[in-house]
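Using the numbering used here, the first residue of the sequence shown is number 11, and each one after it goes up by one. Notes for the one structure printed next.
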Amino acid sequence: MSKKVLRKLAYSLTLFIQIALAVSIFIIEYLTNKNAGIMQYVRYNKFIFEHGILNTNNLQVIKIISIILFIIFGTIFMHCIKNKKNTFIRYQITISMIMSIIVSMVISSNYFIGMLAYHYFIITFILVLLIQMLVVGITFYIDNKQKNRTL
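If you want it as structure tokens, here you go:
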């Protein structure tokens with residue numbers, strides 16, 4: 011396999027993982043309304059998360075970090091437009107900006123707060139954002155590596 015095909019396969023795999031994570035959490039929320047066992051398990055873990063890592067103070071810190079990431083990705087996006095980077099990098103940065111705003115919205119939206127799987131939504135969207143940040147970093151690394159070869 012060529013490096014280009016391998017790279018496209020890797021990006022497709024990360025996209026599939028991100029979509030699967032997002033869809034699975036909506037399925038868990040749906041099943042909490044249908045199955046009492048899942049509802050008890052999710053309620054118990056919600057209690058654990060609220061008194062552990064995802065308490066109110068940490069949620070505010072995560073929200074601030076996601077807004078800072080949005081600003082950072084915005085400046086990187088402007089830099090990419092100025093330096094005429096390839097379109098794929100711009101799309102990946104745009105997706106990262108959207109995901110950082112979604113993390114902030116999930117934390118503060120009453121729609122998600124009212125759900126039993128609220129903390130799972132937060133964890134899932136943070137994981138999706140981290141995967142997206144990894145994709146952006148790898149894409150920048152590969153792009154700079156290719157640019158250095160041509161010089």
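Glycine is no exception: its CB is placed at the ideal position from the N, C-alpha and C atoms.
Query, Result
"With respect to the alpha helix (DSSP H) encompassing Lys-94, which residues constitute its N-terminal and C-terminal limits?", "Neither: Lys-94 is in no alpha helix (DSSP H) and is coded neither H nor E."
"Give every residue of the same chain whose Cβ lies closer than 8 angstroms to the Cβ of Cys-207, excluding the five residues on either side of it in the sequence, and list them in chain order.", "This structure gives no information on residue 207, because the portion of the chain shown stretches from 11 to 161."
"Can you grab the Cα-Cα spacing for the pair Thr-42 / Asn-154, in whole Å?", "46 angstroms"
"Under 8 angstroms, do Leu-31 and Thr-134 count as touching if we go by C-beta distance?", "yes"
"With burial defined as no fewer than 16 other Cβ atoms inside 10 Å of the residue's Cβ, what is the status of Gln-28: buried or exposed?", "buried"
"Use the C-beta contact count for Gln-50: other C-beta atoms within 10 angstroms, 16 or more gives buried, fewer gives exposed.", "exposed"
"What are the boundary residues of the alpha helix (DSSP H) that Ala-46 is part of?", "46-60"
"From Met-115 to Leu-139, what distance separates their C-alpha atoms?", "13 angstroms"
"Leaving out the 5 sequence neighbours to the left and right, which residues in its chain are closer than 7 angstroms to Val-146 when beta-carbon positions are compared?", "Gln-102, Ile-103, Ser-106"
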